[in-house]
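Student: With the first letter of the sequence shown counted as 1, position 26 gets the number 79 in our numbering; the numbers rise by one all the way through. Every residue gets a Cβ at the ideal spot worked out from N, C-alpha and C, and that includes glycine. Values in this document were obtained by computation on a predicted structure and should not be read as measured data.
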Amino acid sequence: MNLGNAFNTFELACFFSPDGKYLYFASFSKETPGVPTELLNGEGNIYRVRMKELLKLVEKQALATEEKRR
Numbered sequence: 054m055n056l057g058n059a060f061n062t063f064e065l066a067c068f069f070s071p072d073g074k075y076l077y078f079a080s081f082s083k084e085t086p087g088v089p090t091e092l093l094n095g096e097g098n099i100y101r102v103r104m105k106e107l108l109k110l111v112e113k114q115a116l117a118t119e120e121k122r123r
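#1: Could you check where the beta strand (DSSP E) with R103 kicks off and where it finishes?
#2: What are the residues that DSSP puts in a beta bridge with L76?
#3: Using the Cα positions of I99 and A66, report the straight-line distance between them to the nearest angstrom.
#4: Helix, strand or coil, according to DSSP, for R123 in the structure here?
#5: If you drop the 5 nearest sequence neighbours on each side, which residues of the same chain put their C-beta closer than 7 Å to that of G73?
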């Protein structure tokens, strides 16, 4: 599911933490909201996202998609 520009860029190597609370992934994006520009070198950065926050994005996107269908 595309979660919009704030999340979907060019991600790879996604892994869940052993407790299932976090998603780790690498991204080659040079534009990520909330991340200092000097860290976004396009060489691949590793990110951690709380699953609670990711699930909120998924739910928001699903609702928006459902609204478009109506």
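Tutor: Let me lay it out:
#1: It spans N98 to R103 - the beta strand (DSSP E) in which R103 sits, taken as one unbroken run.
#2: Paired residue(s): F69 and V102.
#3: One C-alpha to the other measures close to 9 Å.
#4: Correct three-state label for R123: coil.
#5: Answer for G73: M104, listed in chain order.
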